[in-house]
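Asks: Take this structure, written in structure tokens, and hold onto it; I'll ask about it next.
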Amino acid sequence: MKNTLIAPSVLAADFANLQRDIEMINKSEADWFHVDIMDGVFVPNISFGMPVLEAITRHAKKTIDVHLMIVNPDQYIKTFAELGAHNLTVHYEACTHLHRTLQAIKAEGMKAGVAINPHTNVSLLEDIINDIDLVCLMSVNPGFGGQSFIEKTYDKIKQLKEIITRNGAHTLIEIDGGVTDRNAVQLVEAGADVLVAGNYVFRAADPVTTVAGLKTLTSF
Ligand code: DX5
Ligand code: ZN
-15 MKNTLIAPSV LAADFANLQR DIEMINKSEA DWFHVDIMDG VFVPNISFGM
35 PVLEAITRHA KKTIDVHLMI VNPDQYIKTF AELGAHNLTV HYEACTHLHR
85 TLQAIKAEGM KAGVAINPHT NVSLLEDIIN DIDLVCLMSV NPGFGGQSFI
135 EKTYDKIKQL KEIITRNGAH TLIEIDGGVT DRNAVQLVEA GADVLVAGNY
185 VFRAADPVTT VAGLKTLTSF
């Protein structure tokens, strides 16, 4: 049976009630906390930085999945490890020496992730797939929550799954952006292992039940 991992995106939480929202996700069937860090340079938005991540990790009782949408991520790898990140994902488009960056992430004891923008072809990961613990396929343009899902993502998942299998890799496929109960099953059928959901979870009348619903829907 497939155990699809559900990763609510803290970006859609109520920042004035962050502890309440974190406790809510702790109680839910969610598997990870997805934490979006944006620098206003790699993406046209600024989210939050180290002090807020520190506050999140103080209360969160699940895997901390940090998604860096920043240029020059190398200079902060050690800091994110110290702040309690379990997974650290960098953008393919922001890394000139991706192989070196992934080794540096692992050397700090974290799982190494690579995110790719909607325009980036998954075949570019072929030569490095065995070094990647997690590929985050962006199903919206990074920078904002609440955008609509890009349908091309299904094809990209299938192509990526094929690359992973062909190379005997153990890489997880994470989908980030516009995930709802309307596309979740099709995403998992295509090969997704982890579903990030921001607005779908936090804007729901009952986020705990919504997470449970998504979990049930995608575990078959
Ligand atoms: C977008 C972020 C996403 C975002 C997803 O740049 O990487 O993680 O929070 O939000 P929804 O699920 O609302 O599209
Ligand atoms: Zn994200």
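Position one of the sequence shown corresponds to residue -15 (the numbering used here), numbered consecutively onward.
Where is the CB? At the ideal position from N, CA and C, for every residue including glycine.
Is the Cβ-Cβ distance between residue 49 and residue 19 less than 8 Å?
Replies: If you number the sequence shown from 1, residue 49 lands on position 65. If you number the sequence shown from 1, residue 19 lands on position 35. In contact: residue 49 and residue 19 (Cβ atoms closer than 8 Å).
Asks: I want to check one thing, is the minimum distance from the CB of residue 160 to the heavy atoms of the ligand DX5 below 7 Å?
Replies: The sequence position of residue 160 within the sequence shown is 176, counting from 1. Residue 160 Cβ: within cutoff of the ligand DX5.
Asks: Express the C-alpha separation of residue 61 and residue 201 in angstroms, rounding to a whole number.
Replies: Start at 1 with the first residue of the sequence shown, and residue 201 comes out as number 217. Start at 1 with the first residue of the sequence shown, and residue 61 comes out as number 77. Those two C-alpha atoms are separated by around 35 Å.
Asks: Does the beta-carbon of residue 31, which I'm using as the reference point, lie nearer than 7 Å to any heavy atom of the ligand ZN?
Replies: Translated into positions along the sequence shown, residue 31 becomes position 47. Checking the Cβ of residue 31 against the ligand ZN gives no.
Asks: Out of 17, 88 and 162, state which residue places its alpha-carbon closest to the alpha-carbon of residue 123.
Replies: Along the sequence shown, one-based indexing puts residue 123 at 139. The shortest Cα separation from residue 123 among 17, 88 and 162 belongs to 162.
Asks: Select from 109, 102, 192 and 71 the residue whose C-alpha is nearest the C-alpha of residue 81.
Replies: Stepping through the sequence shown from its first residue, residue 81 is reached at position 97. Checking every option, the nearest Cα to that of residue 81 belongs to 109.
Asks: Assess, as a yes-or-no matter, whether the stretch 32 to 42 is touched by the stretch 52 to 69 under the definition of 3 or more beta carbon pairs within less than 8 Å.
Replies: yes
Asks: I'd like to check one pair, residue 78 with residue 55: are the Cβ atoms closer than 8 Å?
Replies: Locating residue 55 in the sequence shown gives position 71, where the first residue counts as 1. Locating residue 78 in the sequence shown gives position 94, where the first residue counts as 1. Yes, these two residues count as a Cβ contact at 8 Å.
Asks: What span of residues does the beta strand (DSSP E) with residue 38 cover, start to end?
Replies: Sequence index remark: in the sequence shown, residue 38 carries index 54 (1-based). No beta strand (DSSP E) contains residue 38, which is instead part of the alpha helix (DSSP H) from 34 to 43.
Asks: From residue 198 to residue 89, what distance separates their C-alpha atoms?
Replies: Here residue 198 refers to the residue found at position 214 when the sequence shown is read from its first residue. Here residue 89 refers to the residue found at position 105 when the sequence shown is read from its first residue. One C-alpha to the other measures close to 30 Å.
Asks: Ignore the nearest five residues each way along the sequence and tell me which others in residue 207's own chain have a CB closer than 8 Å to its CB.
Replies: Lying before the first or after the last residue shown, residue 207 is absent from the chain, which here runs from -15 to 204.
Asks: If you count every other CB in all the chains shown that lies within 10 Å of the CB of residue 25, and 16 or more means buried, which is it?
Replies: For the purposes of this step, residue 25 is identified with residue 41 of the sequence shown, where counting begins at 1. By the neighbour-count rule (16 or more Cβ atoms within 10 Å), residue 25 is not buried but exposed.
Asks: Please classify residue 45: is it buried, with 16 or more other beta-carbons within 10 angstroms of its beta-carbon, or exposed?
Replies: Locating residue 45 in the sequence shown gives position 61, where the first residue counts as 1. By the neighbour-count rule (16 or more Cβ atoms within 10 Å), residue 45 is not buried but exposed.
Asks: Under 7 Å from any heavy atom of the ligand DX5, does the C-beta of residue 175 make it?
Replies: Here the question's residue 175 lines up with position 191 in the sequence shown. No, the ligand DX5 has no heavy atom inside 7 Å of this Cβ.
Asks: For the ligand DX5, I want to know if residue 14 counts as a neighbour, meaning its beta carbon is within less than 7 Å of at least one of the ligand's heavy atoms.
Replies: In the sequence shown, the residue the question calls residue 14 occupies position 30. Incorrect: residue 14 has no Cβ contact closer than 7 Å to the ligand DX5.
Asks: Does the beta-carbon of residue 190, which I'm using as the reference point, lie nearer than 7 Å to any heavy atom of the ligand ZN?
Replies: Translated into positions along the sequence shown, residue 190 becomes position 206. Checking every heavy atom of the ligand ZN against the Cβ of residue 190, none is found closer than 7 Å.
Asks: Should residue 51 be labelled buried (16 or more other beta-carbon atoms within 10 Å of its own) or exposed?
Replies: If you number the sequence shown from 1, residue 51 lands on position 67. By the neighbour-count rule (16 or more Cβ atoms within 10 Å), residue 51 is buried.
Asks: Using only the heavy atoms of the ligand DX5, determine whether one of them is closer than 7 Å to the beta carbon of residue 178.
Replies: Walking along the sequence shown from the start, residue 178 turns up at place 194. Checking the Cβ of residue 178 against the ligand DX5 gives no.
Asks: Going by DSSP, name the residue or residues bridged to residue 121.
Replies: Walking along the sequence shown from the start, residue 121 turns up at place 137. In DSSP, residue 121 forms a bridge with 100 and 159.
Asks: Can you list, in chain order, the residues of its chain with a C-beta nearer than 6 Å to that of residue 86? Leave out the 5 residues immediately preceding and following it.
Replies: The residue labelled residue 86 in the question sits at position 102 within the sequence shown. Around residue 86: 96 and 115.
Asks: Please tell me whether, using a cut-off of 7 Å, the distance from the CB of residue 18 to the nearest non-hydrogen atom of the ligand ZN is below it.
Replies: Indexing the sequence shown from 1 puts residue 18 at position 34. Under cutoff, so the answer is yes.
Asks: Where DSSP assigns a beta bridge to residue 177, which residues make up the other side?
Replies: Walking along the sequence shown from the start, residue 177 turns up at place 193. In the DSSP assignment, residue 177 forms no beta bridge with any residue.
Asks: Taking the alpha-carbon positions, what's the residue 119 to residue 157 distance?
Replies: Here the question's residue 119 lines up with position 135 in the sequence shown. Here the question's residue 157 lines up with position 173 in the sequence shown. Taking the straight line joining both Cα atoms gives about 5 Å.
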